[in-house]
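*Asks:*
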Amino acid sequence: MEKRRLSMTVNGQLYEVYVNPKRLLVEVLRDELGLTGTKRGCDTVSCGACTVLINGLAVKSCSVLAMQAEDAEITTVEGLAAGGQLNPLQRSFLDHGAYQCGFCTPGMLMSATALLREKPDPTRREIQEGIHGNICRCTGYNSIIRAIAAVAQRKPGEEGQ
Amino acid sequence: MIRDFVYLKPGTLDEALALLSEHRGECKVIGGGQSLLILMRQGLVTPAYLIDIKHLDELNSITFDNKDGLKIGATTTHRTIETSEAVKAHFPVLVEMEQNVASIQTRNWGTIGGNLAHADPAGDPGPVLIALDASFRVANTEQERTISADAFFLDYFETALQDDELLLEVKVPTQKPKTGTAYEKFTIIKNDLGIASVAASVTVDKVGKCTKARIALGAVAPTARRAIQAEQDLLGQTLGEDLLNHIAQKASEEAKPISDIHASEDFRRHLVKVLAARMVAKAWKQAIASA
């Protein structure tokens, strides 16, 4: 199969790759770009471990053709930490023990990032809805919700944002 | 493993229709692909050509005016419908329905046109749009035509679209005064595909008698379908418990459910009864309370 040229911006860096058009976004991110923070879980749009942002929208990269991300701005979990420093959300996950095995964490972080951009001060219910599409099989949802809520309550001007 | 295909990305709607005509029968159209890619990965759908219309902004719009009603372009995402002020103001039932479709991620990428053309009998928009008397504008390279939502779903994953036709737009007529519409699905896990669902739309006159009714059932037949007998038995009636019991029974008889891993046929009929009574009552009360 003839490979197609695909250019997209991932975490602020422009990439140009040649891919079989049947490649899914998660495959290109992991296998072509080496960005293995994004996890492949169920592969059937169910678990959310592969969640990334496309032009700011949370999507499941296991079920998006890479070609559909042409010219898009993609953010993966690798794009959250700046200059080797965890961002406030990542820090909060650490502080609240919001992971056990960690496999769902990248997807949870990306869904939470999208949620907080849209609703900087979400209610508990809105947080639950915001991560509804992400499954944590260790069932550590309460600490994840606490971690997100803690970042949301951060006052403007506080350290780290 | 997804079978190899030739990826085609038309720049305009006209180009998309030309490609569809050229490759008819051996291509699939992809919107957000939230259902299609799963089927392709399972090897159930193996198109030689894939025509990508996700990026076609010509089909990405929501407009409303009193004369023409609501128009939603086929590539509009579920999330855009869910968060549209126009939809919220005029068809809150569509917002409520969308909030319960899959996950935010799926709603961010999946399109209304893709959902309808996929024609999963458990899909949520189908029954609601049938209850709202919606219709779908479709086209090939030669002509356009309009298919009522009620006549669009032909069989399990089969629609009235010809193999060179593309779904362009969903049209929902402005609702008559004193009309209410309600939708609910039964799921084990919130936002899953429904095990059974019912949409009902009721219009009443000044004294609260039903002058028009639509009842659409989801996930209990090869397609979303109307419970026509139940609808007819509502006409001229006033809301009451005996009537609701009768309607629930009729609707449940009109369902054609199967037994599968999720529920038995009997349980699905029971769900239709419960949901039909509940949705008719809800729509009716809305209609009475509305202007």
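Same order as they appear, the protein sequences are chains A and B.
230 is the number that the working numbering gives to position 148 of the first sequence; each next residue is one higher, with no gaps.
37 is the number that the working numbering gives to position 41 of the second sequence; each next residue is one higher, with no gaps.
Using N, Cα and C, we set each Cβ at its ideal position, and we do this for glycine too.
1. Starting from the beta carbon of threonine 102 (chain B), find every residue of chain A whose beta carbon is closer than 9 Å, and list them in chain order.
2. Can you pull the DSSP bridge partners for phenylalanine 153 (chain B)?
3. State the DSSP-derived secondary structure class of tyrosine 179 (chain B), mapped to helix, strand or coil.
4. Leaving out five residues on either side along the sequence, give the residues of the same chain with a beta carbon under 6 Å from the beta carbon of lysine 252 (chain B).
5. Using a Cβ-Cβ distance under 7 Å, would leucine 230 (chain B) count as near chain A?
6. Using a cut-off of 7 Å between C-beta atoms, extract the partners of methionine 90 (chain A) located in chain B.
7. Roughly how many angstroms lie between the CA atoms of glycine 179 (chain A) and serine 131 (chain B), to the nearest whole one?
8. What separation, rounded to the nearest whole angstrom, lies between the Cα atoms of lysine 67 (chain B) and phenylalanine 182 (chain B)?
9. Closer than 7 Å, Cβ to Cβ, to anything on chain A: give me those residues from the segment 44 to 78 of chain B, in chain order.
10. Any residues in the segment 94 to 119 of chain A with a beta carbon nearer than 8 Å to a beta carbon of chain B? Which ones, in chain order?
11. Counting only beta-carbon atoms, is aspartate 116 (chain B) nearer than 7 Å to chain A?
12. Can you find the residues in the same chain that come closer than 7 Å, C-beta to C-beta, to methionine 90 (chain A), ignoring five residues on each side of it along the sequence?
13. Since I believe alanine 14 (chain B) is in contact with isoleucine 49 (chain B) (beta carbons under 8 Å), could you give me their beta-carbon distance rounded to a whole number of angstroms?
14. Candidates B:His258, B:Asp129, B:Leu157 and B:Ser286: which alpha carbon is nearest isoleucine 184 (chain B)'s?
15. Within 7 Å of any Cβ in chain A, is that where the Cβ of aspartate 120 (chain B) sits?
16. Hey, how far is the Cα of leucine 4 (chain B) from the Cα of leucine 55 (chain B)?
17. Is the beta carbon of glutamine 177 (chain B) less than 7 Å from the beta carbon of serine 197 (chain B)?
18. Can you list, in chain order, the residues of its chain whose CB lies under 6 Å from that of arginine 20 (chain B), leaving out five sequence neighbours each side?
19. Kindly indicate which three-state DSSP category glutamine 38 (chain B) falls into: helix, strand or coil?
20. Pull out every residue of the segment 177 to 211 of chain B whose Cβ sits closer than 9 Å to any Cβ of chain E, in chain order.
21. Taking only the alpha-carbon atoms, compute the straight-line gap between glycine 214 (chain B) and isoleucine 243 (chain B) and give it to the nearest angstrom.
22. If the cut-off is 7 Å on Cβ atoms, which residues from the segment 137 to 154 of chain B count as contacting chain A, listed in chain order?
23. Excluding the 5 residues flanking cysteine 23 (chain B) on each side, which residues of the same chain have their C-beta closer than 6 Å to its C-beta?
24. Between the segment 144 to 165 of chain A and chain B, which residues of the former have a C-beta closer than 7 Å to a C-beta of the latter?
25. Give a yes or no on whether the minimum CB-CB distance between threonine 187 (chain A) and chain B is below 7 Å.
26. For serine 17 (chain B), which residues from the same chain have a beta carbon less than 8 Å from its beta carbon, with the 5 sequence-adjacent residues on both sides left out?
27. Helix, strand or coil, according to DSSP, for leucine 107 (chain A) in the structure here?
28. Give the straight-line distance between the Cα atoms of threonine 195 (chain A) and glutamine 228 (chain B), rounded to the nearest whole angstrom.
29. Excluding the 5 residues flanking glutamine 95 (chain B) on each side, which residues of the same chain have their C-beta closer than 8 Å to its C-beta?
30. Could you list which residues in chain A have their beta carbon closer than 9 Å to that of aspartate 0 (chain B), in chain order?
31. Within the chosen definition, does the segment 223 to 242 of chain B reach the segment 145 to 156 of chain B through at least 3 CB pairs nearer than 8 Å?
32. Taking three-plus beta-carbon pairs below 8 Å as touching, is the segment 180 to 200 of chain A in contact with the segment 222 to 232 of chain A?
33. Go to aspartate 48 (chain B), then tell me how far its alpha helix (DSSP H) extends in each direction, as first and last residue.
34. Evaluate alanine 115 (chain B) with the Cβ neighbour count: other Cβ atoms within 10 Å of its Cβ, from every protein chain shown; 16 or more gives buried, anything less gives exposed.
35. Give me the DSSP bridge partner(s) of isoleucine 17 (chain B).
36. Can you tell me the Cβ-Cβ gap for glycine 215 (chain A) and glycine 138 (chain A), rounded? I've got them flagged as a contact below 8 Å.
*Replies:* Quick answer:
1. Those are Val127, Val141, Lys142, Ser145 and Gly215, listed as they occur along chain A.
2. DSSP lists no partner for phenylalanine 153 (chain B).
3. DSSP places tyrosine 179 (chain B) in the strand class (E or B) of the three-state scheme.
4. Non-local beta-carbon contacts of lysine 252 (chain B) in its own chain, meaning distances under 6 Å to residues more than five positions away in sequence, involve Ala217 in chain order.
5. No, leucine 230 (chain B) does not count as interfacial toward chain A.
6. Contact annotation for methionine 90 (chain A) against chain B: no contact, minimum CB-CB distance about 13 Å [criterion: below 7 Å].
7. Distance between the alpha carbons of glycine 179 (chain A) and serine 131 (chain B) is about 51 Å.
8. Our two residues, lysine 67 (chain B) and phenylalanine 182 (chain B), have alpha carbons roughly 28 Å apart in a direct line.
9. Within the segment 44 to 78 of chain B, those residues whose Cβ lies closer than 7 Å to any Cβ of chain A are, in chain order, Asp48 and Lys50.
10. So the close ones are Asn102, Pro103, Lys104 and Leu106.
11. It does not; no Cβ of chain A falls within 7 Å.
12. These residues qualify, in order along the chain: Tyr97, Ala151, Glu152, Asp153, Ala154 and Ile156.
13. Going by Cβ atoms, the distance from isoleucine 49 (chain B) to alanine 14 (chain B) rounds to 13 Å, so no, they are not a contact pair.
14. Between isoleucine 184 (chain B) and the set B:His258, B:Asp129, B:Leu157 and B:Ser286, the nearest pair of CA atoms involves B:His258.
15. It does not; no Cβ of chain A falls within 7 Å.
16. Leucine 4 (chain B) and leucine 55 (chain B): Cα-Cα distance of roughly 17 Å.
17. In the sequence under discussion, the amino acid at residue 177 (chain B) is threonine, which differs from the glutamine named in the question. Yes. Within cutoff.
18. If the five residues before and after arginine 20 (chain B) are omitted, its C-beta is found closer than 6 Å to the C-beta atoms of Asp159 and Asp160, all from its own chain and listed in chain order.
19. Of the three classes helix, strand and coil, the one that applies to glutamine 38 (chain B) here is coil, per DSSP.
20. This model lacks chain E altogether; the protein chains it does include are A and B.
21. Going from the Cα of glycine 214 (chain B) to the Cα of isoleucine 243 (chain B) covers about 16 Å.
22. Here the close residues number zero.
23. For cysteine 23 (chain B), where only same-chain residues beyond five positions count, the Cβ hits under 6 Å are Pro43, Tyr45 and Ile47.
24. For chain B, the residues of the segment 144 to 165 of chain A that bring a beta carbon within less than 7 Å of one of its beta carbons are Ser145, Val146, Leu147, Met149 and Gln150, in chain order.
25. Residue contact check for threonine 187 (chain A) against chain B: no CB pair falls below 7 Å.
26. Asn136, Thr137 and Asp160.
27. Under the three-state reduction of DSSP output, leucine 107 (chain A) falls in the helix class.
28. Each residue's alpha carbon lies about 50 Å from the other.
29. So the qualifying residues of the chain are Glu78.
30. Those within 9 Å of aspartate 0 (chain B) in chain A are Met83, Asn102, Pro103 and Lys104.
31. Contact between the segment 223 to 242 of chain B and the segment 145 to 156 of chain B is absent, because fewer than three Cβ pairs lie under 8 Å.
32. They touch, by the three-pair rule.
33. Where aspartate 48 (chain B) is concerned, there is no enclosing alpha helix (DSSP H), although the beta strand (DSSP E) it sits in stretches over 45 to 48.
34. In the assembly as shown, alanine 115 (chain B) is a buried residue. Its beta-carbon has 16 or more other beta-carbons within 10 Å.
35. Note that residue 17 (chain B) corresponds to serine in the displayed sequence, not to isoleucine. In the DSSP output, where bridge partners are listed per residue, serine 17 (chain B) has none listed.
36. Going by Cβ atoms, the distance from glycine 215 (chain A) to glycine 138 (chain A) rounds to 16 Å, so no, they are not a contact pair.
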